[in-house]
Structures are given as C-alpha cells and as structure tokens.
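Residue numbers (the numbering used here), protein chains in the order written: chain A, 21 to 170; chain B, -8 to 130.
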C-alpha cells in the first residue's frame, strides 16, 4: 500500500454506550471504600452515557487520500463498545471484577482493546478520549504532554 | 499517563476596558471552565485524581470568589485570556505540575486557554505590577 509520507494527519471517531459502574475496590472494606470515594460512593453504582473518541494518526494513502477507511474504524468501535454497552461493569465484565471501573480504567481498557484490533501499517492509535457525561472526560494514550481543548 | 478534565460553570459580571476608550456596558456571562490535571492511575482507588478533592480546590480557590462576582472589583483585567491566567495562578500552588490546562469559555463564540501553563505564576505577577496604571484606564 502506497502512502504519501509527507502528508500525515489525525482522525478521531466517536462511539456511544451506556453502562453502570460502581466505585468500589473489593480488596478494601466498605468503610475504607466510603472514605476513599467520598461523594461518589454508592451501594449500587451509577450510570452514565459515555462517549468514546478514538484518535488515530498516520500518513494519507496515495490511492484514496485516507489514513484509514472510517468504516473499518466503526467496525472495531462497534465490537469494543458491545463489551460494555448496557452492562454493569463490576458485575458483567470479568476484567472489571479485579479493576475498579473508573473512567480512567475504562479509557485504558478501551485503548488496549482498540489498539489490539487496529492493525493497519503506519497508523497509530494515539489516544482515547472518554466522556463520562458532559462534565468529565479522560484522555488516555501516547500523547502525555499536550491537552488540546475540545 | 492519563489526563482528567472536569468542567465547571460560573456566572459573573464585568465591564471590559476598551483600549480605544469606548465604554462597554456592564454585562455578564455564564462561563464554562475546564480544568485538566495529569497523573498516573492510583493502584488503590484506580483513578488519577479524587473528584471531591479537585472540586474542593476549584470551589475554594476560584468559584467561591468568581461565581456571582463582579470581576472588576478584584481583578486588574477581566478579559477571557486574563481570567484564564488568573484562574491558573490561583490553582497552581495546590495542583502544582499536575495542572496542565485551564480553558475558559466565555460565550459560544470564544474560548481561552493558556499556551504555557508552567509560567502562569510569573506572568500574573507582571500584570499586578502594572495594576495601577491600568486601573486608571479602566476608569
């Protein structure tokens, strides 16, 4: 596959999912969890409408002008998001029985799940941005010194 | 490394000093403030920053003063870019190097953020040195 080495760009694609998560570390007592998570502690957990943005970087292909076909990205996002969508993460997703499903950990999980599937030559998943509703989001990925505004 | 951004809102009134001398009326905005902190994920809590701690710092250092405030009464300038600097300066001593971005949306049409946040303390002090001369201009 031929690329235009001087023309590089970034592409971000979104996917949506809703799930429940509970701030609770099973290796600590209930009292310790209450003091650790403060106002976010709850007996059953909380639900959110999450938005995940996958950011890719790479060279433009000569034949199409694309970094990668967006339909291929959608197929990956659909598969990954299905693991979490309409689940209670602590109970339904084995990975999160050991790891507390904070947005940070969910972003990390999504990053690795997407990176594992996104195996296009020269294209890199540079970061995952995960919105937990409107007022909080996490950036997880390779870019660790820049935080660009929305 | 993860970055956590939290969005806060505050309402405040101000009057902008126009460099050409034209007087702009006293008016208000419903500002949206985004604070980004960077850090590793903690092994016990599995998060990179306590939401309650961050909220308490932002409330205590900024919102308590800014929300429902008259900005000209405690600031030498009230432009969006200056407010972004001032907010960063107030948060920096507590948040330190973990604070990597302050961004302020004043209206739907404008957004202000700081290009080099490591310098937020020194630049703000310069502005305060020139405070008296600008007060006169602001009338």
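The C-beta atom is built at its ideal place from N, Cα and C for all residues, glycine as well.
| Asked | Found |
| --- | --- |
| Name the one or two DSSP bridge partners that residue 71 of chain A has. | A/36 and A/151 |
| Kindly list, in the order they appear in chain A, the residues whose Cβ is closer than 8 Å to that of residue -3 of chain B. | 155 and 156 |
| Measure from the alpha carbon of residue 76 of chain A to the alpha carbon of each residue in A/127, A/85 and A/33, then state which is nearest. | A/33 |
| Strictly under 8 Å for the Cβ-Cβ distance: is residue 26 of chain B near chain A by that measure? | no |
| What residue range is occupied by the uninterrupted beta strand (DSSP E) comprising residue -1 of chain B? | -7 to 5 |
| Using the three-state DSSP reduction, which class does residue 76 of chain B fall into: helix, strand or coil? | helix |
| If contact is defined by three or more beta carbon pairs under 8 Å, each pair taking one atom from either stretch, is the stretch 100 to 107 of chain A in contact with the stretch 129 to 136 of chain A? | yes |
| Helix, strand or coil: which one does DSSP assign to residue 93 of chain B? | strand |
| Given this structure, state the Cα-to-Cα distance separating residue 135 of chain B from residue 15 of chain B, to the nearest angstrom. | Since the first residue shown for chain B is -8 and the last is 130, residue 135 of chain B is missing from the structure and cannot be characterised. |
| Which bits of chain B does residue 159 of chain A rub up against, with CB to CB less than 7 Å? | -7 and -6 |
| Less than 8 Å between the beta carbons of residue 21 of chain A and residue 80 of chain A, yes or no? | no |
| Figure out for me which residue from A/95, A/93 and A/38 has the closest Cα to the Cα of residue 66 of chain A. | A/38 |
| Have a look at the DSSP bridge pairing and note the partners of residue 108 of chain A. | A/40 |
| Curious, which full-length beta strand (DSSP E) runs of at least 3 residues does the stretch 119 to 149 of chain A contain? | none |
| What residue from B/88, B/57, B/51 and B/70 has the CA that sits closest to residue 98 of chain B's CA? | B/70 |
| Considering Cα atoms alone, identify which of B/100, B/88 and B/101 is closest to residue 111 of chain B. | B/88 |
| Looking at C-alpha atoms only, which residue of B/42, B/33, B/26 and B/32 is the closest neighbour of residue 80 of chain B? | B/26 |
| Name the one or two DSSP bridge partners that residue 35 of chain B has. | DSSP output for residue 35 of chain B lists no bridge partner at all. |
| Thinking residue 143 of chain A and residue 90 of chain A are a contact (beta carbons under 8 Å), I'd like their distance in whole angstroms, please. | Not confirmed; about 12 Å, so no contact. |
| Could one say the Cβ of residue 205 of chain A lies closer than 8 Å to chain B's Cβ atoms, at least one of them? | The structure shown has nothing for residue 205 of chain A, since chain A only spans 21 to 170. |
| Just tell me which of B/-2, B/-5, B/17 and B/-6 has its CA closest to the CA of residue 5 of chain B. | B/17 |
| What separation, rounded to the nearest whole angstrom, lies between the Cα atoms of residue 125 of chain B and residue 67 of chain B? | At residue 125 of chain B, the pLDDT of 45 sits below 50, so the modelled position is not reliable and the matter cannot be decided from this model. |
| Label residue 47 of chain A either buried or exposed according to how many other C-beta atoms from any shown protein chain fall within 10 Å of its C-beta, with 16 as the threshold for buried. | exposed |
| Check the Cβ-Cβ distances between residue 169 of chain A and every residue of chain B, and say whether any is below 8 Å. | Because residue 169 of chain A carries a pLDDT of 45, less than 50, the predicted location of this residue cannot be relied on, and no value is offered for it. |
| Where in the stretch 48 to 93 of chain A do unbroken runs of the alpha helix (DSSP H), each at least 4 residues long, occur, reported from the N-terminal end onward? | 50 to 57 |
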